[in-house]
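Everything on this sheet refers to the single structure shown next.
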Amino acid sequence: MTKVKPIKFQWLKNDKDLGEFQENIRINLASEVSVLILDPVKSEDSGNYTCIATNSHGSDKFVANLNVKASPKWIQQPADVVTNLGATAMAYCLASGSPKPEITWSKLFEGKISLVKSSQGAT
Numbered sequence: 010m011t012k013v014k015p016i017k018f019q020w021l022k023n024d025k026d027l028g029e030f031q032e033n034i035r036i037n038l039a040s041e042v043s044v045l046i047l048d049p050v051k052s053e054d055s056g057n058y059t060c061i062a063t064n065s066h067g068s069d070k071f072v073a074n075l076n077v078k079a080s081p082k083w084i085q086q087p088a089d090v091v092t093n094l095g096a097t098a099m100a101y102c103l104a105s106g107s108p109k110p111e112i113t114w115s116k117l118f119e120g121k122i123s124l125v126k127s128s129q130g131a132t
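Take any residue in the sequence shown, count from 1 to its spot, add 9: that is its number in this note's numbering.
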C-alpha cells in the first residue's frame with residue numbers, strides 16, 4: 010500500500026500571503042483539503058485568492074476572484090454651503106460601494122428639479 014504524501018496548503022490574496030492572523034479570516038486544514046472562511050465578509054476582502062497545494066512531488070495552484078457587492082455608504086456627506094455673490098461655492102459628496110456608486114447632483118428651482126451633474130465616485 011502506498012503511503013499518501015502530506016499536502017501543504019498556502020493561501021494568498023492578490024499574490025500576498027494571508028499570514029497567520031487576519032481578523033475575519035479562518036483557514037481550516039485537513040490532510041487533503043483546505044477551506045478559506047471569511048466571516049464576516051467586508052468590502053475590502055474583494056480580490057484574487059490563490060490556493061497553493063504542495064507535496065514532495067510538486068505543487069499546483071488555483072486562483073479565484075472574490076467580488077464583494079456592497080450598497081453605497083457615505084464617506085463624506087454633502088453639507089449646506091453659504092457663500093457670497095460672485096464667489097465660488099463647492100459642495101462635496103463621497104460614497105463607497107460595489108459596484109462604485111453613481112452620484113447625481115440635482116437642483117431644486119421654482120418647484121422643479123433639474124439634473125446638474127452625474128458621475129461615479131466623488132463629485
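Cβ atoms here follow ideal geometry from the backbone N, Cα and C, with glycine treated the same way.
Endpoints, beta strand (DSSP E) assigned at S43: 43-47
Of the residues K51, D69, Q85, the one placed nearest Y101, counting alpha carbons only: Comparing Cα-Cα distances from Y101 to each of K51, D69, Q85, the minimum goes to Q85.
Would you list the residues sitting across from D69 in a DSSP beta bridge? BP columns for D69 point to A62.
Could you compute how far the alpha carbon of S65 sits from the alpha carbon of E41? 14 Å
Can you tell me whether S128 is helix, strand or coil according to DSSP? strand
Proximity to W114 [Cα-Cα], best of G120, L103, P15: L103
With DSSP run on the structure shown, which of helix, strand or coil describes S123? strand
If contacts are defined as beta-carbon pairs under 8 Å, then K82 and S105 qualify, I think. What distance do you get, rounded to the angstrom? 5 Å
For P110, which residues of its own chain have a beta-carbon under 6 Å away from its beta-carbon, when the five flanking residues on both sides are left out? P81, A104
According to DSSP, is E111 part of a helix, a strand, or is it coil? strand
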